[in-house]
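Residue numbers (our numbering): 280 to 543.
Ideal placement from N, C-alpha and C gives every residue a C-beta, glycine not left out.
Only a predicted model underlies this, so the values are computations on that prediction, with no experimental measurement involved.
These notes are about the structure you will find just below.
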Amino acid sequence: MDGPFTISVRDVYKRFPDGTLALEGVSAEVREAEFISLVGPSGCGKSTLLRILAGLEEVTSGAAMVGGFAPASPQARAEMAFVFQEPTLLPWRTVLYNIALPLELRGGGTKERLGRAREVLDLVGLSARAGAFPRALSGGMKMRVSIARALVTRPKILLMDEPFGALDELTRQRLNDELLALKQATGATVVFVTHNMFEAVYLSQRILVMTPHPGRIAEVLEVPVPYPRTPEFRASETYGKLVYRVLSVLEGDAKAASRTEVKA
Ligand code: ADP
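Here it is, written out as structure tokens:
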């Protein structure tokens, strides 16, 4: 598909059948090849918004568009992949065959499928484990396989729902760096859900900070630091100020947030 593949959300409301209002008047644009995070406390509607973009959930009112198409349309679905917190690998399949699964579901020759699965396995640094079964992998490795499986269809958009939430801090930080490298290598747009503001600041070009009940976008924050980000970024003043600003917005402390001016 040619042209910019942007995401737009206009005045979206989502009410579940039990009456819960999960999203109230949410509007946002995601630029092509951007890394954007949705940050907010549990229950503020981050997953609901991501699931709407994935075409897994309908809006109650308003509109969500992916590349000019409805999220559930075949055109939009063909360009997106979803990564969940649980790697959800099939235990009876090897790493390579787990990664090839999305291509199998789309049809195509075995040789090409396995060739592409090997390519993305190499991208996530797990070529040596192609023949392993999921039970033999660490949590971090399982998540790498899950990300490789998402990349195997060469999506323009990667939707990630707290993918590193279950990992220890060191593994999380390593995977943060790997994810940024993969984003650079593939040119994909990434929409990343997390409740971890440190992770959001480290990874993102922009952060949508959400407030709970019902979920609204309280602030859109730019991270004015170019890629590649390095671990030293975590020790910088800009990083500290950005984290503090997200925290202030989340705590509803508008005065503290406005005092924190962030410059590159
Ligand atoms: P987050 O991802 O920020 O933790 P969610 O999007 O999962 O938040 O949930 C937002 C709100 O919508 C919460 O109050 C949650 O309990 C509610 N919710 C989510 N899914 C459903 C559902 N299928 N039916 C009813 N309420 C739901």
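{"query": "Just reading off the alpha helix (DSSP H) that Arg451 is part of, what are its end residues?", "result": "448 to 465"}
{"query": "Among Leu369, Gln364, Gln354, Arg428, whose alpha-carbon lies nearest the alpha-carbon of Leu393?", "result": "Arg428"}
{"query": "Rounded C-beta distance between Phe477 and Met439? I'm assuming under 8 Å.", "result": "That pair is no contact at about 16 Å."}
{"query": "Going by Cα to Cα distance, which pick from Val309, Arg408, Glu448 is closest to Lys435?", "result": "Val309"}
{"query": "Find the nearest neighbour of Ser417 within the set Tyr518, Arg372, Ala445, Val499, judged by alpha-carbon distance.", "result": "Ala445"}
{"query": "Just to confirm the assignment, what range does the alpha helix (DSSP H) spanning Val522 have?", "result": "516 to 529"}
{"query": "Could you name the residues of the same chain whose beta carbon sits closer than 7 Å to that of Tyr265, not counting the 5 residues immediately before and after it, in chain order?", "result": "For residue 265 there is no data in the structure shown, the boundaries of the chain being 280 and 543."}
{"query": "Is Glu398 helix, strand or coil by DSSP?", "result": "helix"}
{"query": "For a test of your reading of the model: does the CB of Asp401 fall under 7 Å from any non-hydrogen atom of ligand 1? Yes or no.", "result": "no"}
{"query": "For Leu430 and Leu449, I'd like the C-alpha separation in whole angstroms.", "result": "23 Å"}
{"query": "Name the DSSP bridge partner or partners of Asp440?", "result": "Val472"}
{"query": "Less than 7 Å separating the Cβ of Thr517 from some heavy atom of ligand 1?", "result": "no"}
{"query": "Since Leu375 and Arg397 are thought to touch, with beta carbons under 8 Å apart, how far apart are those beta carbons, to the nearest angstrom?", "result": "7 Å"}
{"query": "Kindly say whether Ala343, judged by its beta-carbon, lies nearer than 8 Å to any beta-carbon of chain D.", "result": "Looking for chain D here will not work: only one protein chain is present."}
{"query": "Is Ser321 near ligand 1 - that is, is its Cβ less than 7 Å away from at least one heavy atom of it?", "result": "yes"}
{"query": "Measuring CA to CA, which of Arg408, Ile315, Phe314 is closest to Val424?", "result": "Arg408"}
{"query": "Does the Cβ of Gly324 lie closer than 7 Å to at least one heavy atom of ligand 1?", "result": "yes"}
{"query": "Return yes when at least one heavy atom of ligand 1 lies under 7 Å from the C-beta of Phe295, else no.", "result": "yes"}
{"query": "Inspect the CB distances between the stretch 489 to 505 and the stretch 305 to 322 and report whether three or more fall short of 8 Å.", "result": "yes"}
{"query": "Should Thr473 be listed as close to ligand 1, given that the test is whether its C-beta is under 7 Å from any heavy atom?", "result": "no"}
{"query": "Buried or exposed for Pro366, please, with buried defined as at least 16 other CB atoms from any protein chain shown within 10 angstroms of its CB.", "result": "buried"}
{"query": "If contacts are defined as beta-carbon pairs under 8 Å, then Leu487 and Leu368 qualify, I think. What distance do you get, rounded to the angstrom?", "result": "Not really, about 30 Å apart at Cβ, beyond 8 Å."}
{"query": "Do the stretch 338 to 353 and the stretch 288 to 303 meet, that is, are 3 or more Cβ pairs less than 8 Å apart?", "result": "yes"}
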